[in-house]
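Protein sequence lines, in the order shown, are assigned to chains W and X. Position 270 (the first sequence) corresponds to 270 in full-length UniProt numbering; numbering is contiguous. Position 39 (the second sequence) corresponds to 39 in full-length UniProt numbering; numbering is contiguous. The structure appears below as structure tokens.
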Amino acid sequence: MLDASRQPEPLVRVEGLKMHFPIYTGLFRSHTGDVKAVDGVSFDILPGETLGLVGESGCGKSTVGRALLRLYEPTAGRVIIDGEDVAHLSAEKLRQKRPTMQMVFQDPQASLNPRMTLAGIIGEPLDEHTSMSRAEKTQRIYELMDQVGLNRRFANRYPHEFSGGQRQRIGIARALALNPKFIVCDEPIAALDVSIQAQVVNLLEDLQERLGLTYLFISHDLSMVRHLADRVAVMYLGRIAELSPSKDLYSRPLHPYAEALLSAVNEPDPELAARRNRIILKGDVPSPANPPQGCNFCTRCPRVFDLCRQVKPDLQEVEPGRFVACHLFSDKTTAGTTGVPEARIEHNQQGASK
Amino acid sequence: MTDATQVIEAPRSQWRDVWDQFRHHKGAMAGLCVLLLIVAFVVIGPFVWRVDGTYIDPDAAKMILGRNKPPSWAHPLGTDQVGRDMLARMMLGGKVSLAVGLVAMLVSIFIGTTVGVLSGYFRRLDGLLMRMTDLFLSLPLLPLLLVLMFLYGNLVKRAFGPELGTFLLVVLGIGLTSWMHSARIVRGSVLALKEREFVLAARSIGTPARRIILRHILPNVVSAVMVAATLGIAGAIITESVLSFLGLGFPPDFPTWGGLLNEGYVSLTTYPSRVIWPGIAISLTVLSVNYIGDGLRDALDPRIRGR
């Protein structure tokens, strides 16, 4: 309890997480390369905090979320959740660890088995991890349904009988069943109508307050993330470009990519909208199978200079609490004196490379 | 909202829903009735119609006079080429044919589903199991069955007695050589299913692979399996008749529907009824099983249920 007043221990600590998917080509299916979906990502999440993870499609947001819960086997890196390195737990230990970390999926239609009743779906985690009697289980299922605002009479219905928002509530109830500490929300509102999005986000906030949950909120809806997250990580092509407190990031983004991304947020005031400076990036995102040699963003960055094309920038704290991976903000001395040694490139990765 | 003011149904079993839906499927109910009638015909029939279907009159003159008779009160379906009662033979043969069809189908579906699920779900087994399936597909079935019967026929018959032995041999032979198509169908749907998010969700809960398969994968491949199964019964009945025809299935004095067909088709033009009766019986069975399968598939799918 004494520690709580000082800087609390992070609940989740990710160090140098890499997730490479091998590419096999040719007649003999030889290993010719890797899609570097996540390439050295590090961040902490404090208990009770919401970390937003934003970025465009295909930048590796969802892969981070899935690798965190070890739904994929990470290529390298450590994921410490509540004191244990999830990335290296044995199968049985991992199974016992599952109740502390849960996930809410993007597509509520696809994430619910169409042949199971609502009670069956919400009850599945209970079947797997508890030895409750039938009556206790039913009681707990009803409790969970109350918590997410589903009528108890729906217990015998099937997923197709619900609306999108209700289905997402079922998904949330399932994630809550085992009293987790940490929930990865993988674009939980992307597949929902705008009117329903607000309901679901409010429900998530409400649950966080009541149950003291910690969220990793993955989304491409920047305004929703602003509303929900305490800190926000901006990802680009498998790496974190900027990790800042939400307020600072939205008022003054530092990384050029974050700047461009946030300039795309809709401005409700038409006068401000007319005057606002929309940064439009040119070109396409490079293939994650063959990222640029230097900074991943160097092919599209409006403020690119020589060093960017040769050396990958580290994620560095440039202002208190604000981390940016950009040479514009890195120490001019290191950047200037080291020049462009070839050997540095491999070494100069974000986070620890093991 | 309290429990006292409204009645909340306890979570109920899925099978009641399935039966409720099944009952509303007209074709399936008709199919079930027909199949039950056929089963009653072959099971209860012999107790009502007490004529021995294998009895041949020892008096040669009488036997020759009683051959190939048209329907009469003494023989409602007529007699065959050695004067045996066709009705009694239909009953006898039906029992064997139905049993062979059902059991062979179960064997083939069981093997097919197991192979399909394993190769679809576990990537490491996929290559091996699928190449094995290809191997079986490429084997010429009839010669294989003939060799099987030839090699193991006497062994099995000695161990289990001639009737049960032949039955086991025929059923296993047909089952072991007809599972490949269902294996491929099942593998295909498992490959698609295992990438669905609900399987990922189950993994994130910590459900072990075997329970993911039982709880999430199998119920969702049921419709594909059901189609293969209903077609499989028909195929098994036909294959059995082919085997009997080649003299490697049941002995000729031991009737099956397929065997009756084969006996009758020689004199198809003069005595068509000898072919028509077993033909109708096989067709009705296959048709009713198909309808039942159709109804079951619909009833097992909650999305169609209640429509």
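No residue lacks a Cβ here, since even glycine has one placed at the ideal position from N, Cα and C.
Are Phe198(X) and Asn277(W) touching if we call contact CB-CB under 7 Å? Here residue 198(X) refers to the residue found at position 198 of the second sequence. Here residue 277(W) refers to the residue found at position 277 of the first sequence. No, the pair does not count as a contact, with Cβ atoms beyond the cut-off.
Using only alpha-carbon positions, find the residue among Arg322(W), Gln197(W) and Glu242(W) that is nearest to Gln106(W). Numbered from its first residue, the first sequence carries residue 106(W) at position 106. It is Gln197(W).
Please go through the stretch 56-107 of chain X and give each complete alpha helix (DSSP H) segment of 4 or more residues, from N-terminal end onward. 60-65
Alpha carbon to alpha carbon, how far is Asn156(W) from Val86(W)? Translated into positions along the first sequence, residue 156(W) becomes position 156. Translated into positions along the first sequence, residue 86(W) becomes position 86. Answer to the nearest angstrom: the Cα atoms are 35 Å apart.
Contact between the stretch 129-149 of chain X and the stretch 203-214 of chain X: three or more CB pairs below 8 Å? The stretch 129-149 of chain X vs the stretch 203-214 of chain X: no contact.
Should Cys326(W) be labelled buried (16 or more other beta-carbon atoms within 10 Å of its own) or exposed? Locating residue 326(W) in the first sequence gives position 326, counting from the first residue. Flag for Cys326(W) reads buried.
Along the chain, where does the beta strand (DSSP E) that runs through Thr217(W) open and close? The residue given as residue 217(W) occupies position 217 in the first sequence. In the sequence on display, residue 217(W) carries Phe and not Thr. Thr214 to Ile218 is the span of the beta strand (DSSP E), which, as asked, contains Phe217(W).
C-alpha gap between Leu203(W) and Phe182(W), whole angstroms: Mapped onto the first sequence, residue 203(W) falls at position 203. Mapped onto the first sequence, residue 182(W) falls at position 182. Between Leu203(W) and Phe182(W), the C-alpha separation is close to 16 Å.
Starting from the beta carbon of Thr207(X), find every residue of chain W whose beta carbon is closer than 8 Å, and list them in chain order. Start at 1 with the first residue of the second sequence, and residue 207(X) comes out as number 207. Result: Glu124 and Glu128.
Among Gly212(W), Phe21(W) and Cys185(W), whose alpha-carbon lies nearest the alpha-carbon of residue 412(W)? Outside the displayed span of chain W (1 to 354) sits residue 412(W), for which this structure offers no information.
Closest Cα partner of Pro302(X) within the set Val222(X), Leu243(X), Phe254(X) and Glu240(X): As a position in the second sequence, residue 302(X) is number 302, starting the count at 1. Cα-wise, what sits closest to Pro302(X) is Val222(X).
Nearest-angstrom Cα distance between Phe154(W) and Leu118(W)? Against the first sequence, residue 154(W) aligns to sequence position 154. Against the first sequence, residue 118(W) aligns to sequence position 118. Taking the straight line joining both Cα atoms gives about 7 Å.
Which residues does DSSP list as the beta-bridge partners of Phe323(W)? On the first sequence, position 323 is the one that residue 323(W) refers to. Its beta-bridge partners are Leu243(W) and Glu317(W).
Note down, in chain order, every chain X residue with its Cβ under 7 Å from the Cβ of Phe28(W). To locate residue 28(W), count along the first sequence from 1; it is residue 28. None at all; the shortest Cβ gap to chain X is about 14 Å.
Name, please, each residue of chain W whose Cβ falls closer than 8 Å to the Cβ of residue 309(X). With chain X running from 1 to 307 in the structure shown, residue 309(X) is simply not present.
Report all residues from its chain with a CB closer than 8 Å to the CB of Pro71(X); omit the five preceding and five following residues, and keep chain order. Counting from one through the second sequence, the residue named residue 71(X) turns up at place 71. Residues Leu77, Gly78 and Ser273 of the same chain have their beta carbon placed closer than 8 Å to that of Pro71(X), with the five preceding and five following residues left out of the count.
Assess contact between the stretch 47-56 of chain W and the stretch 204-221 of chain W, defined as three or more Cβ pairs (one per stretch) separated by less than 8 Å. Is contact present? yes
Regarding Val14(W) and the ligand NAP, is the C-beta to nearest heavy atom distance less than 6 Å? Ligands in the displayed structure: none, and consequently the ligand NAP is not present.
So, under 8 Å CB-CB, Gln102(W) and Ser204(X) are touching, yes? Tell me the CB distance rounded to an integer number of Å. As a working note, residue 102(W) is residue 102 in the first sequence. As a working note, residue 204(X) is residue 204 in the second sequence. Yes, Gln102(W) and Ser204(X) are in contact; Cβ-Cβ is about 7 Å, under 8 Å.
Buried versus exposed, by CB contacts within 10 Å (16 or more), His216(X): Here residue 216(X) refers to the residue found at position 216 when the second sequence is read from its first residue. His216(X) comes out buried.
What does DSSP give as the partner residues of Lys18(W) in its beta bridges? On the first sequence, position 18 is the one that residue 18(W) refers to. Partner(s): Asp39(W) and Ala76(W).
With burial defined as no fewer than 16 other Cβ atoms inside 10 Å of the residue's Cβ, what is the status of Asn220(X): buried or exposed? Looking up residue 220(X) in the second sequence gives position 220. Buried, since its Cβ has 16 or more Cβ neighbours within 10 Å.
With DSSP collapsed to three states, give me the class of Tyr158(W). Within the first sequence, numbered from 1, the residue matching residue 158(W) stands at position 158. Residue state, collapsed to three classes: coil.
Proximal residues to Lys354(W) (C-beta, below 6 Å), its chain only, five neighbours per side dropped: Locating residue 354(W) in the first sequence gives position 354, where the first residue counts as 1. Because the pLDDT of Lys354(W) is 40, which lies under 50, any placement of that residue in the model is unreliable, and the question is left without a value.
When the Cα atoms are used, what is the spatial distance from Ala233(W) to Arg196(X)? Mapped onto the first sequence, residue 233(W) falls at position 233. Mapped onto the second sequence, residue 196(X) falls at position 196. Taking the straight line from one Cα to the other gives about 28 Å.
Give the straight-line distance between the Cα atoms of Ala99(X) and Arg152(W), rounded to the nearest whole angstrom. Within the second sequence, residue 99(X) is the residue found at index 99, counting from 1. Within the first sequence, residue 152(W) is the residue found at index 152, counting from 1. Their backbone Cα atoms lie some 47 Å apart in a straight line.
Phe254(X) (DSSP reduced to helix, strand or coil): For the purposes of this step, residue 254(X) is taken as the residue at position 254 of the second sequence. Phe254(X) sits in coil when the DSSP states are folded into three classes, being neither helix nor strand.
Rounded C-alpha distance that separates Arg124(X) from Leu118(X): Start at 1 with the first residue of the second sequence, and residue 124(X) comes out as number 124. Start at 1 with the first residue of the second sequence, and residue 118(X) comes out as number 118. Approximately 9 Å between the Cα atoms of the pair.
Tell me the residue span of the beta strand (DSSP E) that contains Met101(W). The count along the first sequence starts at 1 and reaches residue 101(W) at position 101. Start and end: Met101 to Val104.
Own chain, CB closer than 7 Å to Leu172(X), minus 5 neighbours either side, in chain order: Start at 1 with the first residue of the second sequence, and residue 172(X) comes out as number 172. For Leu172(X), where only same-chain residues beyond five positions count, the Cβ hits under 7 Å are Val107.
Check the Cβ of Leu71(W) against every Cβ in chain X and list those closer than 9 Å, keeping chain order. Residue 71(W) sits at position 71 when you count from the first residue of the first sequence. For a Cβ distance threshold of 9 Å, residue set Leu200, Arg203 and Ser204 of chain X lies close to Leu71(W), ordered along the chain.
Closer than 7 Å to chain X by CB, Tyr236(W): Within the first sequence, numbered from 1, the residue matching residue 236(W) stands at position 236. False, the Cβ-Cβ gap to chain X never drops below 7 Å.
Identify the continuous alpha helix (DSSP H) that holds Met132(W) and give its terminal residues. Within the first sequence, numbered from 1, the residue matching residue 132(W) stands at position 132. Neither: Met132(W) is in no alpha helix (DSSP H) and is coded neither H nor E.
Pull out every residue of the stretch 155-171 of chain W whose Cβ sits closer than 8 Å to any Cβ of chain X, in chain order. Residues are counted here when their Cβ sits less than 8 Å from a Cβ of chain X; for the stretch 155-171 of chain W these are Ala155, Asn156, Tyr158, His160 and Gly171, given in chain order.
Return the chain-ordered ranges of every alpha helix (DSSP H) run that is complete within the stretch 161-241 of chain X and spans a minimum of 4 residues. 162-176, 180-193, 197-205 and 209-212
Between Arg115(W) and chain X, is any beta-carbon pair separated by less than 7 Å? In the first sequence, residue 115(W) corresponds to position 115, counting from 1. It does; some Cβ of chain X falls within 7 Å.
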